[in-house]
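Colleague: Okay, handing you the structure first.
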Amino acid sequence: MLNIVFILVSAALISWLEFPRMIREGERREIWGFSVLLLIGIGLSLAQSFMTEIPTPLIWIAMIIKPFSDLLSAMGLIQ
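Set out below in structure tokens:
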């Protein structure tokens, strides 16, 4: 529970520090990009605090590359 509060307070503090400057300077694209990345970061942090393990993208990459690697091994191009 304390982790969740810490994550949300940190995100609020970061937003409180950054948004006024971006609004004042009229940086609309930066506001959208900042918001999207901050929400992704908050979501991943909350998911990690709720669950014990989050699967990495490396697992998906390995599943995609494995058949190609097997093919190259069968052809004798790699060991």
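Residues 1 to 79 (UniProt numbering) are what the sequence shown spells out, left to right. Note that the Cβ used here is the ideal one computed from N, Cα and C, for glycine as well.
To the nearest angstrom, how far is it from the Cα of S69 to the Cα of E53?
Modeller: The straight-line gap from Cα to Cα measures roughly 28 Å.
Colleague: Helix, strand or coil for G33, going by three-state DSSP, please let me know.
Modeller: helix
Colleague: I think L38 touches S15, with their Cβ atoms under 8 Å apart; what is that distance to the nearest whole Å?
Modeller: 7 Å
Colleague: Alpha carbon to alpha carbon, how far is Q48 from R21? Give it in angstroms, no decimals.
Modeller: 30 Å
Colleague: Is DSSP giving P55 helix, strand or coil here?
Modeller: coil
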